[in-house]
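Inspection log for the structure reproduced underneath, given as structure tokens.
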Amino acid sequence: MLQFRFSSVLKELFYTGFPRSLGSVRNSRSCPGVARGLGVRCARRALCTKSEPIQADHVAGEKESRADKRRKAGVLPSLEDLLFYTIAEGQEKIPAHKFVTALKATGLRTGDPRLKECMEMLKVTLKSTSDGVMLDRHLFKKCVQSNIVLLTQAFRKKFVIPDFQSFASHVDELYESAKKLSGGQVADYIPQLAKFSPDLWGVALCTVDGQRHTVGDTKVPFCLQSCVKPLKYAVAVHDHGTEYVHRFIGKEPSGLRFNKLFLNEDDKPHNPMVNAGAIVCTSLIKVMNFLNKMAGNEYVGFSNATFQSERESGDRNFAIGYYLKEKKVWALCSIEVTCESASVMAATLANGGFCPITGERVLSPEAVRNTLSLMHSCGMYDFSGQFAFHVGLPAKSGVSGGILLVVPNVMGVMCWSPPLDKLGNSVRGIQFCTDLVSLFNFHNYDNLRHFAKKLDPRREGGDQRVKSVINLLFAAYTGDVSALRRFALSSMDMEQRDYDSRTALHVAAAEAGQQQDFVVIVSRVCVWPSRWGNTPMDEAVHFGHHDVVTILQDYHNKYSPAESTTDKETAEKNLDGLL
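Numbering (UniProt numbering), first residue to last: 1 to 579.
See the structure below:
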């Protein structure tokens with residue numbers, strides 16, 4: 001039965017949309033071995049080789065002709081064709097904007113450097129076509145073949161956040177909730193920072209697969225300030241190694257204000273997140289090139305006005321510098337970013353040092369691990385312990401209003417809002433991070449198995465229920481009594497149904513045969529008719545399982561309500577015919 005169903009599905013998949021010519025059928029019958037060998041070789045070439053860019057129209061025509069011949073010979077369609085059919089939904093042509101909209105729904109941007117060839121070819125193709133907006137299968141294939149692997153991953157929902165639209169809508173809700181907060185005060189001890197409006201508020205995120213979402217004032221440049229500290233520490237460790245860097249800087253939280261004129265008992269700054277440690281880090285590195293790479297070559301600038309403003313009001317940092325010199329920097333704090341470019345920096349840390357939108361390794365795994373550890377313990381000024389307790393994620397704040405948040409192996413986030421609380425952290429940013437972890441199970445110590453009330457955007461919708469139904473029905477198919485008892489002990493719903501409304505009892509009655517113990521256990525559930533109107537009793541009668549019929553009849557007589565006379569007579573006739 002299973003073999004019949006499987007072969008039927010294969011026939012539908014392979015031959016319905018791609019009929020074979022009579023000649024190919026005749027040749028395959030006369031020389032089956034040769035035909036099969038050719039088919040395998042063609043399939044291997046089609047699936048395992050990378051498509052080359054099309055150089056000229058006649059070359060394109062020849063390739064399309066060869067592809068059509070392979071298709072008529074019964075070979076699987078190319079990835080480009082499958083992607084076209086997915087988006088076209090039965091139409092022969094698709095509007096270009098429909099493809100772009102579907103692409104954005106996956107979280108990818110048209111400006112993603114990984115899609116550069118695809119987008120350039122799309123522009124050229126649209127200019128050269130008569131209608132200017134419609135793509136047929138051949139034109140679509142021409143556009144996407146250079147980046148087909150990434151596009152296939154996106155449309156198959158194989159990224160870290162499969163349902164990105166739903167996740168983005170939740171992020172928007174959290175943004176709007178935090179936007180209502182009106183407390184805090186813009187930092188005024190640096191004159192240039194005091195010029196920012198307290199109403200500015202932006203959130204940008206970038207996943208480790210390069211999915212992007214922004215909401216609010218995410219294109220306004222602002223200075224990193226203290227958010228640059230973990231980045232330059234990471235660069236220092238990448239360049240010189242952990243042992244060398246920590247000859248000059250400690251690893252412990254100081255328990256003091258971030259700008260305190262104080263060293264540990266070894267005459268070292270306590271950690272790289274306080275001003276003294278950051279100044280030492282600065283002497284070890286050349287940073288601008290690294291920050292550009294971490295941001296995927298997106299906006300990273302320099303605010304000379306802020307630099308001059310800080311230099312005139314930075315007496316304490318001068319004192320720290322002289323103090324460090326005795327014991328044998330403002331420029332980096334004035335580096336400008338936007339929420340969008342900074343979110344890519346955070347995503348690079350989340351992705352183990354690889355920039356998600358360029359694929360380039362920027363930092364070593366050692367540098368990333370050490371940086372995230374220190375961000376977790378020391379990154380939020382005097383609020384670090386509270387933040388680690390409530391949010392449980394590595395983060396670094398700055399007096400410009402930014403919070404650089406990292407969800408390891410998932411995404412990086414930059415929140416920016418100038419009003420600060422009394423500890424120097426963004427009021428809206430803290431609220432957003434707290435709400436994010438309250439809604440999603442991103443906290444480092446959230447138990448993924450038992451925190452069912454939190455959402456996990458890394459799972460596809462309905463994934464758990466589908467797996468549950470599959471496990472239950474396959475246990476019924478194979479007669480696995482121990483698995484069934486384990487499911488029942490786990491409080492699994494034993495009456496779950498598949499797409500044909502068949503329960504485990506239907507499958508057991510039809511397939512189990514001599515597995516009477518199994519049928520005895522599964523028979524203690526409600527009897528539902530399937531999509532085709534068959535009950536488990538009907539299945540057992542149809543497949544001639546006499547013992548199963550007896551078991552079901554005994555249970556039916558003991559536990560079922562009285563039947564109508566007509567139904568009873570019909571059932572008795574079926575039993576008489578079988579027995």
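Backbone N, C-alpha and C define an ideal beta-carbon position, used for all residues, glycine too.
Burial is judged here by how many other beta carbons sit within 10 angstroms of a residue's own beta carbon; isoleucine 470 has fewer than 16 and is exposed.
Taking 8 Å as the upper bound for CB-CB distance, methionine 119 and threonine 110 are in contact here, some 5 Å apart.
DSSP lists no beta-bridge partner residue for tryptophan 532. The segment 423–430 and the segment 390–397 touch, with three or more beta-carbon pairs separated by less than 8 Å.
Apart from the 5 residues on each side of it in sequence, proline 536 sits with its Cβ closer than 7 Å to the Cβ of Leu505, His506, Ala509, Val527 and Leu552 in its chain, given in chain order. The DSSP-derived three-state label of alanine 395 is strand. Distance between aspartate 446 and phenylalanine 383, taken at the CA atoms: about 21 Å.
Rounded to the nearest whole angstrom, the C-alpha separation of alanine 102 and methionine 134 is 15 Å.
In this structure, the straight-line span from the alpha carbon of leucine 472 to that of tyrosine 555 is close to 21 Å. For methionine 411, the CB contacts under 7 Å within the same chain, skipping 5 residues up- and downstream, are Leu205, Cys206, Thr207, Val208, Ala347 and Ala350 in chain order. The secondary-structure analysis by DSSP pairs leucine 205 across a beta bridge with His213 and Val413. Under the 8 Å Cβ criterion, the segment 92–100 does not count as touching the segment 145–158, having fewer than three qualifying pairs. Annotation for arginine 502: Ser530 place their beta carbon closer than 7 Å to its own, counting only its chain and skipping 5 residues before and after.
In the three-state DSSP reduction, glutamine 496 falls in the coil class, being neither helix nor strand. For lysine 219 against threonine 338, the beta-carbon gap comes to about 5 Å, under 8 Å, which counts as contact.
Taking C-alpha positions only, tyrosine 233 is separated from tyrosine 477 by approximately 58 Å. Beta-bridge partners of glutamine 145 (DSSP): none assigned. In this structure, the alpha-carbon of cysteine 433 lies about 15 Å from that of leucine 455. If you look at methionine 134, you'll find it isn't in any alpha helix (DSSP H); it sits in the beta strand (DSSP E) that goes 134–136. The Cβ atoms of glutamine 431 and leucine 200 lie no closer than 8 Å to each other. Residue pairing by DSSP places arginine 361 opposite Phe354 in a beta bridge. Here the alpha carbon of leucine 393 sits roughly 54 Å from the alpha carbon of glutamate 539. Annotation for isoleucine 87: the continuous alpha helix (DSSP H) segment containing it runs 79–88. For cysteine 378, the closest C-alpha among the options Pro408, Lys251, Val466 and Arg114 is that of Lys251.
With a beta-carbon spacing of about 5 Å, arginine 137 and phenylalanine 84 fall inside the 8 Å limit used to define contacts. It is roughly 34 Å from the alpha-carbon of alanine 483 to the alpha-carbon of asparagine 409.
Boundaries of the alpha helix (DSSP H) harbouring glutamate 511: 504–511, taken from the DSSP string. Closest in C-alpha terms to serine 197, from the list Asp493, Lys422 and Ser417, comes Ser417. Among the bridge pairs identified by DSSP, leucine 139 is matched with none. Counting only the Cα atoms, glycine 216 lies some 36 Å from glutamate 80. Taking 8 Å as the cut-off, the beta carbon of valine 406 is found closer than this to the beta carbon of leucine 372. Threonine 242 and glutamate 366 have their C-alpha atoms spaced approximately 8 Å apart.
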